[in-house]
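Right, one structure below, let's go through it.
In full-length UniProt numbering, the protein residues as written are 1 to 486.
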């Protein structure tokens, strides 16, 4: 395939990659140019992000793109996870290494904050789910460093700044902070003032598809790329992934998505934020999407549970790959033990299998005593939580959900996909795996004039990538498990 090449810098909590998207006007093909690990860096007992190492790895990927595609490279854009940020001094340097959202400094901060300002007021101002690592609570936990900051950039905005000098903040990631107004579509400065937090460091908010500038001269020199535009895609990875959901029903609310990976983001796409009492009661979140849409969703703990179990198994001398763990889980008795995946005890325990065992003992259930039973417990629990969230979304929107699209790395997990279909009683369409990079690339292609709408973008995904269908099997045990409340 030949055509225009757009580069997606796609940073996740476990790994990062630089991906080339080659668009020929009808179909898009992805080529991974450079992949590298990511994870927390421990500094004096705190979890931080090693942004200098990430920047170095991004440079390697851009150099590979220049060597591979040369003058065909048309643009570049960055997407990452939400909520985390970099504080810049007046000289443009980071005030300190940025914190990882799982750092324990926010323990108890959300509870104290919601005693000072009622939850209902915070939700009315932001429409965001209450999670202890939201940017709002991170700022409250690090208040003493804010006086040194001239600018707050969210993670993708920071790397855009290093690419082209921009200090703008992109809309989809801004909406994850819990201090952005979904109706005013500006920073919720009055809310920040109620917490006595400064607002001078908040920059302009731009929409997905904004050209932020061109590659800095030093970046061009070091990578071999030309004077190409740096484009803000949907910089929140879930927003990019949802833009690449291969639905033919853009503008309708009869489909749901699960962006499945370390986290599972379960939601629907709406033309505007939903700030209703039902959304507040369900602790749902409203996050921005492409073309001014909003993603009404709930954050579910996701495959982090399995990732941390595998890490604990390896520490104990049992090094099994994910395929082996899935086979063991498939052979295990279904619905034997279940957890609440979103219980705070699972956010970052030192030993995930021990925490799951303790939860099961505390709730009078059989303790998972093998790797297969532990992983099956995680997957059954996730599928049940998806069922609950889909039910809440239907209640809030008043629209029946007819099909569930699963995108992202978790869409390769055939067992979880089938359990999701069984638990929800709805057909599941799984794929594409690289939805985030696809959404990033195709927003850039749209800026270049090759696409005209979000529906057009999704048509390209449908024509370029196959999906795998999972039909629900009759399993009355799921309804009984859902009624049990676990």
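Even glycine gets a Cβ: it sits at the ideal position worked out from N, Cα and C.
Euclidean distance between Cα positions of residue i and residue j
| i | j | result |
| --- | --- | --- |
| residue 318 | residue 216 | 47 angstroms |
| residue 35 | residue 79 | 15 angstroms |
| residue 460 | residue 55 | 31 angstroms |
| residue 427 | residue 325 | 25 angstroms |
| residue 255 | residue 236 | 21 angstroms |
| residue 482 | residue 421 | 14 angstroms |
| residue 140 | residue 46 | 16 angstroms |
| residue 179 | residue 337 | 38 angstroms |
| residue 43 | residue 17 | 25 angstroms |
| residue 99 | residue 475 | 44 angstroms |
| residue 393 | residue 297 | 8 angstroms |
| residue 280 | residue 358 | 30 angstroms |
| residue 290 | residue 234 | 7 angstroms |
| residue 261 | residue 462 | 21 angstroms |
| residue 173 | residue 400 | 28 angstroms |
| residue 321 | residue 185 | 44 angstroms |
| residue 351 | residue 415 | 24 angstroms |
| residue 53 | residue 67 | 21 angstroms |
| residue 223 | residue 102 | 33 angstroms |
| residue 8 | residue 214 | 15 angstroms |
| residue 274 | residue 146 | 32 angstroms |
| residue 259 | residue 48 | 25 angstroms |
| residue 196 | residue 134 | 17 angstroms |
Burial state of residue i (16 or more Cβ within 10 Å)
| i | result |
| --- | --- |
| residue 314 | exposed |
| residue 252 | exposed |
| residue 6 | buried |
| residue 450 | buried |
| residue 405 | buried |
| residue 200 | exposed |
| residue 435 | buried |
| residue 381 | buried |
| residue 129 | buried |
| residue 277 | exposed |
| residue 353 | buried |
| residue 61 | buried |
| residue 166 | buried |
| residue 227 | exposed |
| residue 468 | exposed |
| residue 10 | buried |
| residue 311 | exposed |
| residue 161 | buried |
| residue 490 | Residue 490 is absent from the model: the chain starts at 1 and stops at 486. |
DSSP bridge partner residues for residue i (one or two, in chain order)
| i | result |
| --- | --- |
| residue 56 | In DSSP, residue 56 forms no bridge with anything. |
| residue 15 | 37 |
| residue 470 | 428 |
| residue 94 | 88 |
| residue 99 | 48 |
| residue 229 | 214 |
| residue 29 | 22 |
| residue 180 | 187 |
| residue 10 | 17, 79 |
| residue 256 | 404 |
| residue 209 | In DSSP, residue 209 forms no bridge with anything. |
| residue 236 | 80 |
| residue 268 | 296 |
| residue 285 | 297 |
| residue 170 | 206 |
| residue 154 | 85 |
| residue 4 | 23 |
| residue 42 | 47 |
| residue 73 | 5 |
Nearest-angstrom beta carbon gap, residue j and residue i [assumed within contact, 8 angstroms]
| i | j | result |
| --- | --- | --- |
| residue 183 | residue 82 | Not quite, the Cβ-Cβ distance comes to about 20 angstroms (not below 8 angstroms), so this is no contact. |
| residue 295 | residue 243 | Residue 295 to residue 243, Cβ: 10 angstroms. No contact. |
| residue 263 | residue 299 | 6 angstroms |
| residue 96 | residue 88 | Not confirmed; about 11 angstroms, so no contact. |
| residue 73 | residue 265 | Not a contact, Cβ separation roughly 30 angstroms. |
| residue 408 | residue 241 | 6 angstroms |
| residue 384 | residue 423 | 6 angstroms |
| residue 19 | residue 464 | Not really, about 14 angstroms apart at Cβ, beyond 8 angstroms. |
| residue 137 | residue 116 | Not confirmed; about 12 angstroms, so no contact. |
| residue 22 | residue 3 | 5 angstroms |
| residue 305 | residue 334 | No, residue 305 and residue 334 are not in contact; Cβ-Cβ is about 17 angstroms, not under 8 angstroms. |
| residue 206 | residue 149 | Going by Cβ atoms, the distance from residue 206 to residue 149 rounds to 20 angstroms, so no, they are not a contact pair. |
Within-8 angstroms CB hit, residue i to chain C
| i | result |
| --- | --- |
| residue 44 | Among the chains in the structure shown there is no chain C, since it carries only a single protein chain. |
Using 8 angstroms as the cut-off, can you tell me whether the stretch 153-166 makes contact with the stretch 239-252, which would need three or more C-beta pairs spanning the two stretches below that distance?
no
Could you check whether the stretch 328-340 touches the stretch 371-391, counting it as contact only if at least three pairs of C-beta atoms, one from each stretch, sit closer than 8 angstroms?
yes
Does the stretch 430-444 come close enough to the stretch 59-79 that 3 or more CB-CB pairs lie under 8 angstroms?
yes
Would you check if the stretch 336-356 and the stretch 387-405 touch, i.e. whether three or more CB-CB distances between them fall below 8 angstroms?
Verdict: no, contact absent.
With three or more beta-carbon pairs closer than 8 angstroms as the criterion, would you say the stretch 55-69 touches the stretch 108-123?
no
Between the stretch 267-284 and the stretch 99-111, are three or more C-beta pairs nearer than 8 angstroms?
Counting Cβ pairs under 8 angstroms, fewer than three are found: no touch.
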